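Enquirer: There's a structure below that I have some questions on.
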Amino acid sequence: MAREITYIAAIMEGIHQEMSRDEDVLLIGQSVGGSPEDPFVAAFGPDRVRVTPISETAEIGMAAGAALAGKRPVVDCTMAEFLLVAMDQVVNEANRFHYMSGGRVTAPLVLKAGYGFTAGWAGQHTGSIYGMFMGVPGLKVALPSTPADAKGLMATAIRDDNPVLFLHHYLLTLETGDVPEGEHLVPFGQAAIVRPGTDVTLVATGWTVHRALEAAEELAADGVSVEVIDPRTIAPLDVDTVLASVERTGRLVLVDQATRHASVSAIIAAEVAEAGFASLRAPIVQVTALDAPIAYSKPMEDFVLPDVAKIVAGVRRAVDVTLPHDAATAVR
C-alpha cells in the first residue's frame, strides 16, 4: 500500500525503518536528536541517536570507526559542501578498507547530505559536486529524484557493507509522491525509465529529472517522443539501460545541474560515445550548468543553471528541428 508523503519524510522513514530492523544502525550528526522529544530519540534512545560536535572531520571519523567496529552509522552531514573539509575520510579512508583488507573488513556507513539548493544561497551552498565522488573506488553515490526512490535507496544504502554517499536535492525537500508503506528497497545500479519514448533519449539526475519530464511533455505537443531516464545511482552507474535506449532512439540528450566539466553527463556521454557510437544518428547534446559559481542574484542564477527551455532547445537540436537563434544558443 502506498500513500503520499514528502521527499524528506520518505528519507527519514527509510532511516527509521532500518533502525527498527537492525539495532546496529545509528543516526549521528550536528542537527539530529536535539531534545528528548525528538521522534528518533524517543524511539531509539540517546545511545543510538547522537549529536556530534560542529566538526565534519570528527563526525565522519567517528562514523568510520563505528562502522569498522560493526555498527551501521548514518551521518547527517547537512550539506554536500561540508564534506569537503573531511575529504580524507570520505575518499581515502572508509572506502578503501574493504579492498585493502582483501575483503575481510567492511565499513558500512551512509553519508547523507543535501545539495543543489539554489534559490539565493549563492556560491558556497549551492553546489552539485557529486561528480567528484562518482569515480572514487569503494564509494557508492545515490541521487534519488522521487520520495519513493528516496526511501528505497536510503534503506539499500544502510544495508550496504561499504560507504554510500546519499545526496538529496534541497529543492525536492517538500515535493510529495506515493511511497510504499513498510519495507521498501531500491537496488543500486538500476536506472528507471520514467517516461518511454521513441525519438530521443533524455537522461537527467535529481531535480533535473522533473525538469526533463516537463520538457518531454512540452515536446510531445510538437510530436517529439522523448524517453526520460533517471539513473538513480551514479556509482554504480547503469550504462546498459542508457545504451539500450539510445539504440532504440538514435539520439541522446543529457541534463545535469553540475558544471559541464565536472558532471555526470560528461561521463555518460563518454560511455555512449565509446560503446554506443554506431547507434547515434546525431551528436550527443549536454544541457548542464555553466562552468561558473552560482550567483546570489536570481537572474544570474537562472542564466547559469539548466531549465526546461534549455532542455527543450537541446532536444530540438538533437532531433534537428529548426530553432530560433536565441533558443539554439541557450544550451551551448
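The opening position of the sequence shown corresponds to residue 1 in UniProt numbering, with each subsequent residue numbered one higher. All residues carry an ideal CB built from backbone N, CA and C; glycine is no exception. All values derive from a computational prediction rather than experimental measurement.
(1) Helix, strand or coil: how does DSSP classify Asp-160 here?
(2) Between which two residues does the alpha helix (DSSP H) holding Glu-217 run?
(3) Whole angstroms are fine: how far does the CA of Ala-148 sit from the CA of Ala-295?
(4) Helix or strand or just coil, what does DSSP make of His-184?
(5) Answer yes or no: do Ile-60 and Ala-43 have a C-beta to C-beta separation smaller than 8 angstroms?
(6) Pull up the distance between the alpha-carbon of Val-90 and that of Gly-223, whole angstroms please.
(7) If you draw a straight line from the C-alpha of Thr-57 to the C-alpha of Gly-33, how long is it?
(8) What is the DSSP secondary structure of Phe-133, reduced to helix, strand or coil?
(9) Helix, strand or coil: which one does DSSP assign to Asp-240?
(10) Please report how far the alpha carbon of Val-285 lies from the alpha carbon of Val-105, in whole angstroms.
(11) Could you tell me which uninterrupted beta strand (DSSP E) segments, each at least 3 residues in length, are contained entirely in the region 268–326, listed from first to last along the chain?
(12) One question on the structure: do Leu-167 and Val-141 come within less than 8 angstroms of each other, judged by their Cβ atoms?
(13) Any contact of the region 8–28 with the region 38–53, i.e. 3+ C-beta pairs under 8 angstroms?
(14) Mark Tyr-170 as exposed unless 16 or more other C-beta atoms lie within 10 angstroms of its C-beta, in which case mark it buried.
(15) Can you tell me which of the three DSSP states Val-194 falls into?
(16) Which same chain residues end up closer than 7 angstroms to Ser-225 when comparing Cβ atoms and leaving out the 5 residues on each side of it in sequence?
(17) How about Lys-112 and Glu-13: are their beta carbons less than 8 angstroms apart?
(18) Reducing DSSP to helix, strand and coil, say where Asp-256 ends up.
(19) Rounded to the nearest angstrom, how far is the Cβ of Gly-131 from that of Ala-258, given a contact under 8 angstroms?
(20) Give the DSSP-derived three-state secondary structure of Val-143 in the structure shown.
(21) So which of Asp-302, Val-136, Leu-237, Val-74 has the shortest CA-CA distance to Met-154?
(22) I need the DSSP call for Met-19, collapsed to helix, strand or coil.
(23) Tell me the DSSP secondary structure of Arg-48 in three-state form.
(24) Apply the 10 Å Cβ neighbour rule to Glu-4 and answer buried if 16 or more other Cβ atoms are within range, or exposed otherwise.
(25) Give me the Cα-Cα distance between Ala-212 and Leu-305, rounded to the nearest whole angstrom.
(26) What is the rounded straight-line gap between the Cα of Ala-278 and the Cα of Lys-310?
(27) If you run the structure through DSSP and keep just helix, strand and coil, what is Gly-177?
(28) Compare the C-alpha of Asn-10 against each of Arg-248, Ala-64, Arg-281, Thr-173 and name the closest.
(29) Apart from the five residues just before and just after Gly-189, which ones in its own chain have a Cβ nearer than 8 angstroms to its Cβ?
(30) Note down the Cα distance separating Ala-215 from Phe-97, rounded to an integer number of angstroms.
Expert: According to the data block:
(1) Here the question's residue 160 lines up with position 160 in the sequence shown. Coil, per DSSP.
(2) Your numbering for residue 217 matches position 217 in the sequence shown. Per DSSP, Glu-217 belongs to the alpha helix (DSSP H) from 207–220.
(3) Start at 1 with the first residue of the sequence shown, and residue 295 comes out as number 295. Start at 1 with the first residue of the sequence shown, and residue 148 comes out as number 148. Straight-line spacing of the CA atoms in Ala-295 and Ala-148 works out to 32 angstroms.
(4) For this step, residue 184 is matched to residue 184 along the sequence shown. Three-state DSSP puts His-184 in coil, outside helix and strand.
(5) Taking the first residue of the sequence shown as position 1, residue 60 is located at position 60. Taking the first residue of the sequence shown as position 1, residue 43 is located at position 43. 8 angstroms or more divides the Cβ of Ile-60 from the Cβ of Ala-43.
(6) Within the sequence shown, the letter at position 90 stands for residue 90. Within the sequence shown, the letter at position 223 stands for residue 223. Distance between the alpha carbons of Val-90 and Gly-223 is about 46 angstroms.
(7) Here residue 57 corresponds to residue number 57 of the sequence shown, with the count starting at 1. Here residue 33 corresponds to residue number 33 of the sequence shown, with the count starting at 1. Distance from the CA of Thr-57 to the CA of Gly-33, rounded to the nearest whole angstrom, comes to 20 angstroms.
(8) Taking the first residue of the sequence shown as 1, we reach residue 133 at position 133. Phe-133 carries a coil assignment under DSSP once its states are collapsed to helix, strand and coil.
(9) Numbered from its first residue, the sequence shown carries residue 240 at position 240. If DSSP states are grouped into helix, strand and coil, Asp-240 belongs with the helices.
(10) Along the sequence shown, read from residue 1 onward, the residue named residue 285 stands at position 285. Along the sequence shown, read from residue 1 onward, the residue named residue 105 stands at position 105. The alpha-carbon of Val-285 is positioned some 42 angstroms away from that of Val-105.
(11) Correct list: 285–289.
(12) Position 167 of the sequence shown, counted from the first residue, corresponds to residue 167. Position 141 of the sequence shown, counted from the first residue, corresponds to residue 141. For the 8 angstroms CB-CB criterion, Leu-167 and Val-141 form a contact.
(13) Contact holds: three or more Cβ-Cβ distances are below 8 angstroms.
(14) Sequence index remark: in the sequence shown, residue 170 carries index 170 (1-based). Under the 10 Å beta carbon count, Tyr-170 is surrounded by 16 or more other beta carbons and is classified as buried.
(15) If you number the sequence shown from 1, residue 194 lands on position 194. Looking at Val-194 - three-state DSSP - the assignment turns out to be strand.
(16) Taking the first residue of the sequence shown as 1, we reach residue 225 at position 225. Contacts found: Gly-197, Thr-198, Asp-199.
(17) As a working mapping, residue 112 is identified with position 112 in the sequence shown. As a working mapping, residue 13 is identified with position 13 in the sequence shown. No, the pair does not count as a contact, with Cβ atoms beyond the cut-off.
(18) Residue 256 sits at position 256 when you count from the first residue of the sequence shown. Strand.
(19) Position 131 of the sequence shown, counted from the start, is the residue given in the question as residue 131. Position 258 of the sequence shown, counted from the start, is the residue given in the question as residue 258. Right, their Cβ atoms sit about 5 angstroms apart.
(20) Here residue 143 refers to the residue found at position 143 when the sequence shown is read from its first residue. One detail in the question is off: residue 143 reads as Leu in this sequence, not Val. If DSSP states are grouped into helix, strand and coil, Leu-143 belongs with coil.
(21) Your numbering for residue 154 matches position 154 in the sequence shown. Comparing Cα-Cα distances from Met-154 to each of Asp-302, Val-136, Leu-237, Val-74, the minimum goes to Val-74.
(22) What you label residue 19 is simply residue 19 of the sequence shown in a count that begins at 1. When DSSP states are grouped into helix, strand and coil, Met-19 belongs to the helix group.
(23) For the purposes of this step, residue 48 is taken as the residue at position 48 of the sequence shown. It is coil, neither helix nor strand.
(24) For the purposes of this step, residue 4 is taken as the residue at position 4 of the sequence shown. Glu-4 is exposed by the Cβ-count criterion.
(25) The count along the sequence shown starts at 1 and reaches residue 212 at position 212. The count along the sequence shown starts at 1 and reaches residue 305 at position 305. Going from the Cα of Ala-212 to the Cα of Leu-305 covers about 13 angstroms.
(26) Against the sequence shown, residue 278 aligns to sequence position 278. Against the sequence shown, residue 310 aligns to sequence position 310. Rounded to whole angstroms, Ala-278 to Lys-310 spans 27 angstroms at the Cα level.
(27) Working through the sequence shown from its first residue, we reach residue 177 at position 177. In the three-state reduction of the DSSP assignment, Gly-177 falls in the strand class, which pools E and B.
(28) Here residue 10 corresponds to residue number 10 of the sequence shown, with the count starting at 1. In the sequence under discussion, the amino acid at residue 10 is Ala, which differs from the Asn named in the question. Of Arg-248, Ala-64, Arg-281, Thr-173, the residue nearest in Cα terms is Thr-173.
(29) Counting from one through the sequence shown, the residue named residue 189 turns up at place 189. So the list reads Thr-233, Pro-236, Leu-237, Asp-238, once near-sequence residues are dropped.
(30) In the sequence shown, residue 215 corresponds to position 215, counting from 1. In the sequence shown, residue 97 corresponds to position 97, counting from 1. Ala-215 and Phe-97 have their alpha carbons spaced roughly 43 angstroms apart.
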